[in-house]
Amino acid sequence: MAYQRLKEYAKAEQVFRNVMCLAKAQNNITWVGIGSGNLGNTLRLQGKHREALPYLYQDVASQWGRIRSGRNKYLHKPDLNGVQSQHKCPNRTSVCKERYWN
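Encoded structure:
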């Protein structure tokens, strides 16, 4: 980011591409996203908007993946497969039995 702030965009691009390459080799999705976001922003700062978009999209997608991963890790779904609701259905005379959280 130092090169980016100094407006040495060619060097910044090279560094961010290297970050992405190393991160992909290590299967580190977090750093792939960081590198792609920074590369996309560097391209955007140069007015290369069309070229920047795929990298910015990749950054957002990796962030969404981390959010979903964290959500699934910490907000586990309760086991309610055996739980059934007992409410009257408007079109039936019998009690409905529905499963939740399918």
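Position one of the sequence shown corresponds to residue 0 (numbering that gives the first Met the number 0), numbered consecutively onward. Cβ coordinates follow ideal geometry from the N, Cα and C atoms, glycine included.
query	result
Could you tell me the distance, in whole angstroms, from the CA atom of Tyr8 to the CA atom of Asn27?	24 Å
For Trp63, which of Ile33, Ala11, Arg43, Arg49 has the nearest alpha-carbon?	Ile33
Just to confirm, is the Cβ distance from Ala22 to Val31 under 7 Å?	yes
Under DSSP, the alpha helix (DSSP H) around Gln3 begins and ends at which residues?	1-4
Would you report the Cα separation of Glu12 and Asn40, rounded to the nearest angstrom?	10 Å
If we ignore side chains and look at the alpha-carbon of each, how far apart do Leu55 and Ser35 end up?	6 Å
What three-state label does DSSP hand Glu7 in the structure shown?	coil
Taking C-beta to C-beta, are Leu42 and Glu50 nearer than 7 Å?	yes
May I ask you to report which of helix, strand or coil DSSP gives Gly46?	coil
Comparing C-alpha positions only, which one of Thr29, Met19, Ala24, Leu38 sits nearest to Arg4?	Leu38
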